[in-house]
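Chemist: Residue 821 is where the sequence shown starts when you use our numbering, and the numbers rise one by one after that.
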Amino acid sequence: MNESRGFKTGSLKFIIGWAVCFIFRLQPFRPPNVEPIMATTMPFAKRYGWIYAFVFGFLSIVLFDIATAKVGVWTWVTGFTYGALGIAASLFFKNRDSRPKNYLGFAIVGTLVYDAITGVIAGPLFFGQSFTEAFMGQIPFTINHLLGNIVFALVVSPLLYRWVLDNEVFETDVIWRKVFKTV
């Protein structure tokens, strides 16, 4: 990871990542909790570190909820949870390669943590559910979430890292130099 390359050089990459997550989440009739946010946050955490990973995860939720006019307590719980998972992913990937097995391992644990916080804990805390009701109701959503994140972690995460995040063609400063023919 090149620590000196942050949002200034990677802003287009962040926009690509957010756009892909946003467009995917807009798809009608997609199973609940099947979305590429975790699979996209992990490569960003590997490449750019904890601050950018937090911002990516957090804003993936918040910007979508603002755009779809569905902002509420849920926005902040899920946004901060994805942000925290971005921080955890940066720590996990700090000394690990961008390989499917590493993405898979983090995605499984990260999904279980995310669903425990946003479903099992947040349900009783913010929405008056009993713990048993929240736990039992979360099971089908967690199964969907795990299945989706497993597939995305094995396919999307490594490809995103190699084709977009580790590719200088998408770096903002490279594009500006080509557009304005500067050195």
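For glycine and all other residues, C-beta sits at the position ideal for the given N, C-alpha and C. Treat the numbers as computed from the prediction; the structure is a model and nothing was measured.
Expressed to the nearest angstrom, what Euclidean distance is found between the alpha-carbon atoms of N987 and L832?
Modeler: Cα to Cα, the separation comes out at about 11 angstroms.
Chemist: When DSSP labels each residue in this structure, what does E988 get in the three-state scheme?
Modeler: Helix, per DSSP.
Chemist: How about the segment 861-870 and the segment 905-924: do they share at least three Cβ pairs that are nearer than 8 angstroms?
Modeler: Touching, yes, given that three or more Cβ pairs across the two stretches are closer than 8 angstroms.
Chemist: Could you name each continuous alpha helix (DSSP H) segment of 4 residues or more that falls completely within the segment 892-936, going from the start of the chain to the end?
Modeler: For the segment 892-936, whole alpha helix (DSSP H) runs of length 4 or above, ordered along the chain, are 893-913, 920-935.
Chemist: Go to P944, then tell me how far its alpha helix (DSSP H) extends in each direction, as first and last residue.
Modeler: Note, P944: alpha helix (DSSP H), 942-947.
Chemist: Can you say whether T888 is buried or exposed, counting buried as having 16 or more other CB atoms within 10 angstroms of its CB?
Modeler: Label assigned to T888: exposed.
Chemist: Given a cut-off of 7 angstroms, decide if A909 and M862 are closer than it, judged by their beta-carbon atoms.
Modeler: Yes.
Chemist: Using the three-state DSSP reduction, which class does P960 fall into: helix, strand or coil?
Modeler: Helix.
Chemist: Only counting the same chain, and skipping five residues up and downstream in sequence, which positions put a Cβ closer than 7 angstroms to that of R845?
Modeler: Cβ within range, chain order: E855, F884.
Chemist: Pull up the distance between the alpha-carbon of L985 and that of H965, whole angstroms please.
Modeler: Between L985 and H965, the C-alpha separation is close to 24 angstroms.
Chemist: Under the assumption that G837 contacts F876 (Cβ atoms under 8 angstroms), give the Cβ distance between them as a whole number of angstroms.
Modeler: That belief holds up - the Cβ atoms of G837 and F876 are roughly 6 angstroms apart, short of 8 angstroms.
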